[in-house]
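In the UniProt record's numbering, the protein residues as written are 1 to 277. We treat Cβ as the ideally placed atom computed from N, Cα and C, and that holds for glycine.
Quick look at the structure:
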């Protein structure tokens with residue numbers, strides 16, 4: 001069962017599922033449809049740009065096994081969702097307006113598509129929904145792209161001592177996962193039956209770079225850690241947590257190392273404002 005956590009930024013809050021980059025085989029498959037008997041696509045889509053002054057509470061409702069999508073997001077986030085990558089560091093060539101303007105997207109398919117999606121394993125259904133979203137973006141936003149591997153900042157998460165404050169969880173449950181909350185300058189991250197790979201995925205969002213899990217901690221854990229996830233310098237009138245590397249070392253017994261590694265990157269060649277509904 002996917003584990004989601006929420007994030008809040010200058011525009012609002014939304015659900016976020018830590019993603020991993022597509023393999024070369026997966027990337028080569030976009031945007032082809034793998035099921036020749038049924039055209040897996042959105043039949044009806046309403047897309048509108050939100051006024052800059054309008055309150056925009058970001059959200060994404062894109063169930064894998066249902067032919068429906070509802071979202072209020074920036075276009076950069078929608079593109080990243082279509083590829084299963086992190087919009088913070090795996091998109092390049094993005095015009096400024098993609099990161100500035102929010103769009104409301106409501107799309108649906110016929111019942112046969114939902115029946116087909118419902119019959120698929122989770123991973124296959126998720127991949128097909130992403131293909132459907134990509135096709136929608138290509139049709140309505142005239143999205144053109146290519147995929148490159150570029151050297152980029154990468155963090156490596158390792159275990160340096162007896163994993164202080166990491167309590168082994170008996171087993172995963174429906175409530176397993178990671179949540180985060182509080183001010184960005186003193187963010188609190190709590191894990192309940194969480195895997196280190198999930199924690200690395202969450203940290204990649206806040207650090208705006210890939211985080212590779214090299215802890216060799218293969219179980220599930222309960223933990224709490226708080227740190228400053230902001231790039232702002234501390235001031236006297238704001239409570240700031242510890243820097244991430246120091247917080248993880250002192251509160252979890254984990255070490256965060258900086259390095260470089262190839263990062264699969266979606267390069268936007270061209271994109272336009274959406275065509276009329």
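query = Whole alpha helix (DSSP H) runs in the region 108-190 with 4 or more residues, listed along the chain?
reply = Entirely contained in the region 108-190, the alpha helix (DSSP H) runs reaching 4 residues are, in chain order, 111-118, 122-141.
Original post:
Is it buried or exposed for residue 246, if we count other Cβ within 10 angstroms and need 16 for buried?
Top reply: That one is exposed.
Using the C-alpha atoms, what's the distance from residue 209 back to residue 265?
-> Each residue's alpha carbon lies about 12 angstroms from the other.
Among 262, 211, 120, which residue has its Cα nearest to the Cα of residue 196? Selected option, being the one with the closest Cα: 211.
Between residue 242 and residue 98, what straight-line distance do the alpha-carbon atoms span, to the nearest angstrom? Our two residues, residue 242 and residue 98, have alpha carbons roughly 32 angstroms apart in a direct line.
Please list the terminal residues of the continuous beta strand (DSSP E) segment that includes residue 270.
Element bounds for residue 270: 254-270.
Terminal residues of the alpha helix (DSSP H) in which residue 221 lies = Secondary structure note for residue 221: it is in no alpha helix (DSSP H), and the uninterrupted beta strand (DSSP E) holding it is 221-227.
- Three-state secondary structure assigned by DSSP to residue 207: It is helical.
**OP:** Select from 95, 100, 59, 96 the residue whose C-alpha is nearest the C-alpha of residue 81.
**Re:** Taking only the C-alpha atoms, the option nearest residue 81 is 59.
Next item on the list: Just the C-alpha distance for residue 274 and residue 43, rounded to the nearest angstrom, thanks.
Entry: Between residue 274 and residue 43, the C-alpha separation is close to 16 angstroms.
Quick check on residue 60: does DSSP put it in helix, strand or coil?
Of the three classes helix, strand and coil, the one that applies to residue 60 here is strand, per DSSP.
Would you call residue 277 buried or exposed, if buried means 16 or more other Cβ atoms sit within 10 Å of its Cβ?
Residue 277 should be labelled exposed.
Query raised in the report: Excluding five sequence neighbours on each side, which residues of the same chain lie with their C-beta closer than 7 angstroms to the C-beta of residue 256?
Result: Answer for residue 256: 155, 157, 244, 245, 248, listed in chain order.
Stretch-stretch touch, CB-based, cutoff 8 angstroms, three pairs: the region 124-139 with the region 81-93
Judged by Cβ distances under 8 angstroms, the region 124-139 makes contact with the region 81-93, as three or more pairs qualify.
**OP:** For residue 76, name the three-state secondary structure that DSSP assigns.
**Re:** In the structure shown, residue 76 sits in a helix (DSSP, three-state: H, G or I).
Exercise for the section: Determine, using beta carbons only, whether residue 305 and residue 254 come nearer to each other than 8 angstroms. Expected result: No statement about residue 305 is possible, as the shown extent of the chain runs from 1 to 277 and does not include it.
Exercise. Whose C-beta lies closer than 6 angstroms to the C-beta of residue 286 among residues of the same chain, with five residues either side of it excluded?
Worked result: As displayed, the chain neither begins before 1 nor continues past 277, which places residue 286 out of reach and without an answer.
task = Using only alpha-carbon positions, find the residue among 230, 228, 178, 88 that is nearest to residue 220.
result = From the listed residues 230, 228, 178, 88, the smallest Cα separation to residue 220 is found for 178.
message: Just to confirm my understanding: we take residue 61, look at its own chain, exclude 5 residues before and 5 after, and list those with CB closer than 6 angstroms. What are they?
response: In chain order, 70 place their CB closer than 6 angstroms to the CB of residue 61, counting only its own chain and leaving out the 5 sequence neighbours on each side.
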